[in-house]
Amino acid sequence: MSEHILAAEAKPWRDEMAKPFVRIRGISKFFGDLAAVDDVSLDIYRGELFCLLGGSGCGKSTLLRILAGFETPSAGSIEIDGQDMTGVGANLRPTNMMFQSYALFPHMSVEKNIAYGLLREGVSKSEAMSRTADMLSLVKLDGFARRKPHQLSGGQKQRVALARSLIKQPKLLLLDEPLGALDKKLREETQFELIRIQEDLGVTFIVVTHDQEEAMTLSTRIGVMDAGRIVQVGEPRQIYETPNSKFVADFIGSVNIFDGEVDVAAPDMMRVNTAEGAILCEPLAGLKARQKLHIAVRPERIQLSRAPLELANSMPGMVEEVAYLGNLSIYRVRLEGGQCLKVSAANGLHEENPITWDEPVFVGWSSTASLVLIA
Amino acid sequence: MSGGGKWGRRLVIAVPNIWLILFFMVPFLVVLKISLSEPRIAIPPYAPLWDWVNGALEFNINFDNYAYMWEDSLYINAYLSSLKIAAISTLLALFIGYPMAYYIARSPEPRRSILLLLVVLPFWTSFLLRVYAWIGILKTKGVLNEALLWLGIIDEPLIIMQTNVAVYIGIVYTYLPFLILPLYANLVKLDDTLLEASYDLGASRISSFFRITLPLSMPGIIAGSMLVFIPVIGEYVIPALLGGLNISKTATGRWLRRWRW
Numbered sequence: 001m002s003e004h005i006l007a008a009e010a011k012p013w014r015d016e017m018a019k020p021f022v023r024i025r026g027i028s029k030f031f032g033d034l035a036a037v038d039d040v041s042l043d044i045y046r047g048e049l050f051c052l053l054g055g056s057g058c059g060k061s062t063l064l065r066i067l068a069g070f071e072t073p074s075a076g077s078i079e080i081d082g083q084d085m086t087g088v089g090a091n092l093r094p095t096n097m098m099f100q101s102y103a104l105f106p107h108m109s110v111e112k113n114i115a116y117g118l119l120r121e122g123v124s125k126s127e128a129m130s131r132t133a134d135m136l137s138l139v140k141l142d143g144f145a146r147r148k149p150h151q152l153s154g155g156q157k158q159r160v161a162l163a164r165s166l167i168k169q170p171k172l173l174l175l176d177e178p179l180g181a182l183d184k185k186l187r188e189e190t191q192f193e194l195i196r197i198q199e200d201l202g203v204t205f206i207v208v209t210h211d212q213e214e215a216m217t218l219s220t221r222i223g224v225m226d227a228g229r230i231v232q233v234g235e236p237r238q239i240y241e242t243p244n245s246k247f248v249a250d251f252i253g254s255v256n257i258f259d260g261e262v263d264v265a266a267p268d269m270m271r272v273n274t275a276e277g278a279i280l281c282e283p284l285a286g287l288k289a290r291q292k293l294h295i296a297v298r299p300e301r302i303q304l305s306r307a308p309l310e311l312a313n314s315m316p317g318m319v320e321e322v323a324y325l326g327n328l329s330i331y332r333v334r335l336e337g338g339q340c341l342k343v344s345a346a347n348g349l350h351e352e353n354p355i356t357w358d359e360p361v362f363v364g365w366s367s368t369a370s371l372v373l374i375a
Numbered sequence: 376m377s378g379g380g381k382w383g384r385r386l387v388i389a390v391p392n393i394w395l396i397l398f399f400m401v402p403f404l405v406v407l408k409i410s411l412s413e414p415r416i417a418i419p420p421y422a423p424l425w426d427w428v429n430g431a432l433e434f435n436i437n438f439d440n441y442a443y444m445w446e447d448s449l450y451i452n453a454y455l456s457s458l459k460i461a462a463i464s465t466l467l468a469l470f471i472g473y474p475m476a477y478y479i480a481r482s483p484e485p486r487r488s489i490l491l492l493l494v495v496l497p498f499w500t501s502f503l504l505r506v507y508a509w510i511g512i513l514k515t516k517g518v519l520n521e522a523l524l525w526l527g528i529i530d531e532p533l534i535i536m537q538t539n540v541a542v543y544i545g546i547v548y549t550y551l552p553f554l555i556l557p558l559y560a561n562l563v564k565l566d567d568t569l570l571e572a573s574y575d576l577g578a579s580r581i582s583s584f585f586r587i588t589l590p591l592s593m594p595g596i597i598a599g600s601m602l603v604f605i606p607v608i609g610e611y612v613i614p615a616l617l618g619g620l621n622i623s624k625t626a627t628g629r630w631l632r633r634w635r636w
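Here the protein sequences come in this chain order: A and B. For the first sequence, counting from 1, position 263 maps to 263 in this note's numbering; every step adds exactly one. Count along the second sequence starting at 1, add 375, and that's the number in this note's numbering.
Right, dumping it as structure tokens:
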């Protein structure tokens, strides 16, 4: 189906005039004194597959439950497709939810589970059954209509739950850790299946996940949450390449962080003093000497060599550990100042004399690979 | 499996089987034997089922007892009446007990234990004393009537004692915990997200209750109802004390009168 404009291609969030589909305005939720969600504002566009990413207890699930209407926010408002959702119960919202535990009704067959939403809406039985059959083929479960949930595998249950949440053609589908209960291999297959279904139907998805890899694969944009707040929103590439804080850099992928203070902040270069010596970075407007900050360097941006490197930053160190992962190897290199750096390098085929344990080496990276983090 | 394990397994299975044979099957066979013997006014009050007569084994199988059960309609009526009282009591207990079990199961954790304790608390007092206490409440000049008269709700005392209403009140009061406990055990396991899923899919709270909670609590309803229904069929003390002379309505009363016990 191609009639939907794919948000993944149109990228409406880059257009300042584009009208958001879901407007979250200053939402807070307090449980006693504790703010589970703390003043979150967020715009989500039609057809997006938006991931709320964060560790456990960061408030992402609470925010999803507020969107679904299971929790009443302590402050703020939510608008879906121009309609204010304040005071609208979960059963009357144009949203459906796919639960982490799937929450399939154990006493009903697959077919009855999927048709449940339609029948409650007063759709005739024959129409409900034919739409159920369509849904079953969309999730590739033809022939499973009469099974009971306990007769299904984890992956099949997951697809029934997805079909059940999609059958009412919600404007917004909320997915709570949709792949969390699947094993790794099935999870990878299902990720692409989920994207296919989302693009086929053109439904806006909001997915909650703690798995950064899953968020990177699935989403058009990611909202990283910490302690009830959204700390960064952006496309997967932006989040990975230009994290705005130490927390985000550390949470998304792996990273080496140096603490330091600005030594020279010139228009064409910036030097930061750290325990490992001076590190050269790209200049950043508004920074002055003596300002404390962090430098983050991704392991795959660091080069490893037996000879000094012709790069902006080059430091000697000692290989402490090597982990061979097949396509790449992870090295832990102890620098002279005592900090341990994680370096990853692609493995060539039949590499002769690879760098190994207890070898003195040089690590190096360009000034653009030094991410400057103020927070 | 090793030989020792096999014997251990047999032993474990044998213990409950021996118990059941000794205390359920044997007494049942004894009753069956008595039912087929000829009644007598003597000790024991029945003739032997078999006898040695001139070196031959002679059986005297007598179906009079069974015939009598059908001839005297009082027996059948008494039995049907017991079934009816048990059925109505079970239904009443279910209507009162289900909301209580539901409320307890939905309460926050610390309060749940207190509520459960309150449900079983009456068991600390003698059953007989509790039934006698109901006489004090229900009788013509009892607590209930005095209170209603004083409040001006009624002008004349209600006649509750010696009626079926008193019997129902007594039975439901006594057997309610047996219904609440298994039902609570079932309801407390109910996954809240199922109700959220139902609500999310457009069902109202009431519709979710009838489509999700109620069908899923069926095992608890059946277990609780059986625990009330079965003992109430043979209940004697409550009808005797609260239903007064009307105990002729129950099978037990009839039986006791027939044998002048």
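In this text, a Cβ means the ideal position worked out from N, Cα and C, and glycines have one as well.
Secondary structure in the region 573-605 of chain B: the alpha helix (DSSP H) runs of 4 residues or longer, each lying completely within the stretch, are 580-583 in chain order. Look at the beta carbons and you see the region 574-594 of chain B not touching the region 520-529 of chain B: under three pairs across the two are nearer than 8 Å. Within the same chain, LEU513, ALA541 come within 7 Å of B/ILE535 by CB-CB distance, once the 5 residues on both sides are set aside.
Take B/TYR574, set aside five residues on each side of it, and the residues of its chain with a beta-carbon closer than 8 Å to its own are ARG580, SER583, in chain order.
Taking C-beta separations shorter than 6 Å and ignoring five residues to either side along the sequence, the partners of B/SER592 in its chain run ASN561, LEU562, following chain order. Put simply, the CB of A/ASN91 is near chain B, with a gap under 9 Å to one of its CB atoms.
Contacts between A/PHE70 and chain B, judged by CB atoms closer than 7 Å, involve GLU571 in chain order. The C-alpha of A/LEU34 is placed about 12 Å away from the C-alpha of A/SER74.
The shortest C-alpha to C-alpha distance from B/PRO614 to any of B/ILE546, B/LEU424, B/ASN429 is the one to B/ILE546. For A/ASP250, the enclosing alpha helix (DSSP H) stretches over residues 246-251. Nearest CB-CB separation between B/ALA560 and chain A: not below the 9 Å threshold.
The residues ARG271, in chain order, have a CB closer than 6 Å to that of A/VAL264 in the same chain once the five nearest residues on each side in sequence are set aside.
Runs of the beta strand (DSSP E) lying entirely within the region 15-47 of chain A and spanning at least 3 residues, in chain order: 22-31, 34-44.
The way I'd put it, the region 159-171 of chain A does touch the region 96-113 of chain A; three or more beta-carbon pairs between them come closer than 8 Å.
The Cβ atoms of B/VAL607 and B/ILE460 lie closer than 9 Å to each other.
When 7 Å is used as the limit between beta carbons, B/SER579 is near these residues of chain A: ASN91, in chain order. Taken in chain order, the complete beta strand (DSSP E) segments of 3 residues or longer contained in the region 167-191 of chain A are 172-176. Per the coordinates, the alpha-carbon of B/SER482 lies some 29 Å from the alpha-carbon of A/GLY76.
At a C-beta separation below 9 Å, A/TYR116 has these neighbours in chain B: ALA572, SER573, LEU576, GLY577, ALA578, ARG586.
Interface with chain A (9 Å Cβ-Cβ cutoff): B/LEU397 is excluded.
In the displayed model, B/TRP509 falls within a helix according to three-state DSSP.
Annotation: the continuous alpha helix (DSSP H) that includes B/ILE471 extends over 448-481. Of the residues A/ALA227, A/ILE230, A/ILE252, the one whose Cα lies closest to the Cα of A/ILE239 is A/ILE252.
Using beta-carbon distances, B/ASP439 does not count as an interface residue toward chain A, since no partner is under 9 Å. If one requires a minimum length of 3 residues, the beta strand (DSSP E) runs lying completely within the region 191-269 of chain A are 204-209, 221-226, 229-234, 256-265, in chain order. CA-to-CA, the gap between A/ALA285 and A/SER367 works out to about 16 Å.
In the DSSP secondary-structure assignment, A/PRO316 is bridged to A/PHE362. Your pair A/ARG164 and A/ASP38 does not check out as a contact, with CB atoms roughly 32 Å apart and the cut at 8 Å. Taken through DSSP and simplified to helix, strand or coil, B/ILE388 comes out as helix. The C-alpha of B/LYS381 is placed about 58 Å away from the C-alpha of A/SER219.
Chain-ordered, the chain A residues with CB closer than 8 Å to the CB of B/SER582 read ARG120. By the C-beta criterion, the region 182-192 of chain A is judged not to be in contact with the region 202-209 of chain A, since fewer than 3 inter-stretch pairs fall below 8 Å. Interface criterion met: the Cβ of A/SER101 is under 9 Å from a Cβ in chain B.
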